[in-house]
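What follows is a set of notes on a single structure, which appears directly below.
In my numbering, the protein residues as written are 164 to 550.
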C-alpha cells in the first residue's frame, strides 16, 4: 500500500469520526422506528439528505480549495460572514457539540445513575480540552486511534442486530411519505454544515504537508480529499443503513423510548443486559471524536478570524467549551427543539449555495443572490402553510 493510499484511508477514517456523532446515531434509528417495513424508501431519503447532501458540500468546498470565506463570500461579504458565524455556532458550542455531550450522558446514565448532567458535562469538557488543545494532531488522533475502536463497536451492534432481530412490522404508509420523513430527519444530522468546515481542515492539513511545491501538489490534494470523502461516505452509509434497519426490526418495543436512549435499549435487546455496554462504548467514542472536531473547528475560527490572533487558541477553546457546557444542560431533546426551526430555514439555502458554487466553479454560472432569495421565500411559505 503506497503513501497516497494510506493517506486517503487515514483521512477518510478521520472524516468518518468527525461526522459520525449524535445525529448520525439517533436519526437513523428514528427513521427505522417510524418507517418499519417501509424502511427501504425511508433510508433512501435519509441517505440523500444525511450523506449525499454533505458529500455535495465537500465537493463544493474542495473546488474552492478549502477557502470557506471565498465560498460564502459569493452571498455577499457581510451576509457570507454572518452565515459563517451562524453555521459554526450551530455545529459548535450552541448546537451539535453540546448535543453530543447530552447524548453521551443519556447513554451512560443507566450505568452511573448517581451522575448528574452538569457533572458529566464538566468532565466531558475537560476531556475534550485535553484531546483538542493540539489541533495539528487532530487527524492522527481521529483517524488512526479512536476511529478503529468506534467502527468495531458499531459493527458488533449492527451484525448481531441483523442476526438476532425479528422481521420489521408491516407499515402501510405510502412510500413517498416514508421517503420524505427519512429525508427530513437527515437534515438534523447537521452534516452539510459540518462538511463546509471539516473539508477545509482536511485540505489545509494536506497543504501543510505538501511543503513548498504546493502548486504541483494541488491536484494530488484534491484527489486525496475526494478519495477520503468516498471512504467516509461509504462507511457512514453502511452504518446509517445498519442502524435504521435494526431499529425497524425492533420498532415494536421502541415506540416509547426517548430518542437519546434508543441505541442503548436496542443494544441491550440484541446483545443482552451485560453486552449492552458495547453500545455505551460506541456512543461515547462516536460523540467524543465529533466533539473534538467541532470544538477545534470553532476555536480555530475564534482564534484566527474573529480575534485576528488576539485571543490564543487555548483561550478560544476554553471559551467554546464553557458555552457548550451550559447549552448541554438543556438536555438532548431541548437542544433538538432549539435547532429544528433554525435548520428548517438554513439547510435549504445551504444546499442551494453548494449547488450554485459547484456550477460557478465548473461552468462559470454566476447568479447566486436571487436564487438564494427564491429558496428562502419558498422555505418561508412552506413553513407558514405546512407547519
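In this text, a Cβ means the ideal position worked out from N, Cα and C, and glycines have one as well.
Using three-state DSSP, classify residue i as helix, strand or coil.
{"i": "residue 333", "result": "coil"}
{"i": "residue 467", "result": "helix"}
{"i": "residue 431", "result": "helix"}
{"i": "residue 507", "result": "helix"}
{"i": "residue 439", "result": "coil"}
{"i": "residue 238", "result": "coil"}
{"i": "residue 279", "result": "coil"}
{"i": "residue 531", "result": "coil"}
{"i": "residue 322", "result": "helix"}
{"i": "residue 191", "result": "helix"}
{"i": "residue 522", "result": "helix"}
{"i": "residue 493", "result": "coil"}
{"i": "residue 459", "result": "helix"}
{"i": "residue 293", "result": "helix"}
Got a sec? Which residues, its chain only, sit under 7 angstroms from residue i by beta carbon, not counting five neighbours each side?
{"i": "residue 513", "result": "355, 356"}
{"i": "residue 449", "result": "183, 184, 188, 313"}
{"i": "residue 343", "result": "208"}
{"i": "residue 432", "result": "413, 416"}
{"i": "residue 233", "result": "227"}
Quick one: using the 10 Å Cβ neighbour count with 16 as the cut-off for buried, is residue i buried or exposed?
{"i": "residue 521", "result": "buried"}
{"i": "residue 445", "result": "buried"}
{"i": "residue 293", "result": "exposed"}
{"i": "residue 437", "result": "exposed"}
{"i": "residue 414", "result": "buried"}
{"i": "residue 216", "result": "buried"}
{"i": "residue 456", "result": "buried"}
{"i": "residue 351", "result": "buried"}
{"i": "residue 503", "result": "exposed"}
Am I right that residue i and residue j are in contact with their C-beta atoms under 8 angstroms? What's the rounded C-beta distance?
{"i": "residue 204", "j": "residue 341", "result": "4 angstroms"}
{"i": "residue 201", "j": "residue 338", "result": "6 angstroms"}
{"i": "residue 396", "j": "residue 214", "result": "6 angstroms"}
{"i": "residue 486", "j": "residue 276", "result": "Contact doesn't hold; Cβ gap of about 28 angstroms is too wide."}
{"i": "residue 551", "j": "residue 224", "result": "No statement about residue 551 is possible, as the shown extent of the chain runs from 164 to 550 and does not include it."}
Apart from the five residues just before and just after residue i, which ones in its own chain have a Cβ nearer than 6 angstroms to its Cβ?
{"i": "residue 427", "result": "270, 442"}
{"i": "residue 284", "result": "264, 488, 491"}
{"i": "residue 528", "result": "522"}
Is the CB of residue i under 9 angstroms away from at least one CB in chain C?
{"i": "residue 255", "result": "You won't find chain C in this structure, because it holds only one protein chain."}
Report whether the distance from the Cβ of residue i to the nearest heavy atom of the ligand MN is below 8 angstroms.
{"i": "residue 293", "result": "Questions concerning the ligand MN fall outside what the structure shown contains, since it holds no ligand whatsoever."}
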